[in-house]
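Residue numbers (full-length UniProt numbering): 1 to 126.
Here the structure is laid out as structure tokens; the discussion comes afterwards.
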């Protein structure tokens with residue numbers, strides 16, 4: 001099996017395409033591996049969020065300068081998206097080279113309530 005390197009453009013839900021960032025990863029890696037890379041690249045913004053709490057969505061959003069007025073991209077407004085499972089290999093999703101000038105992945109943080117609940121569960125009982 002040939003292992004290709006993929007250059008995927010990612011965007012955090014609610015940000016403009018001007019804030020997209022690239023992630024380079026091998027095609028035989030899993031969505032779980034991609035979550036780990038994204039968390040590492042988004043430090044310190046993703047401090048306090050475990051990689052497994054991120055939800056990744058496969059999308060195809062144009063990222064040309066002419067198409068973006070700096071408005072935030074909201075996952076709920078993206079008509080075609082697919083929630084990605086942690087166990088899937090990237091080669092299953094990107095069986096062809098990812099399109100240029102496109103956002104390929106939207107990163108969704110966990111709801112704020114989850115972070116508070118996680119902190120409370122770690123607090124010592126007195």
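Beta carbons are placed, not taken as given, at the ideal position from N, Cα and C, and that holds for glycine.
- Note: residue 55 is bridge-paired with 108 in the DSSP secondary-structure output.
- For residue 38, the uninterrupted alpha helix (DSSP H) segment begins and ends at 31-41.
- Judged by DSSP in its simplified three-state form, residue 4 adopts coil rather than helix or strand.
- Taking a C-beta distance under 9 Å as the contact criterion, residue 55 and residue 112 do not qualify as a contact pair.
- Collapsing the DSSP output to three states places residue 27 in coil.
- Annotation: residue 19 to residue 2 spans about 32 Å, alpha carbon to alpha carbon.
- Going by C-alpha positions, residue 79 is about 14 Å away from residue 103.
- In terms of Cα proximity to residue 105, the closest of 91, 72, 61 is 61.
- The DSSP-derived three-state label of residue 16 is coil.
- Under the DSSP assignment, residue 92 falls in the alpha helix (DSSP H) whose first and last residues are 90-93.
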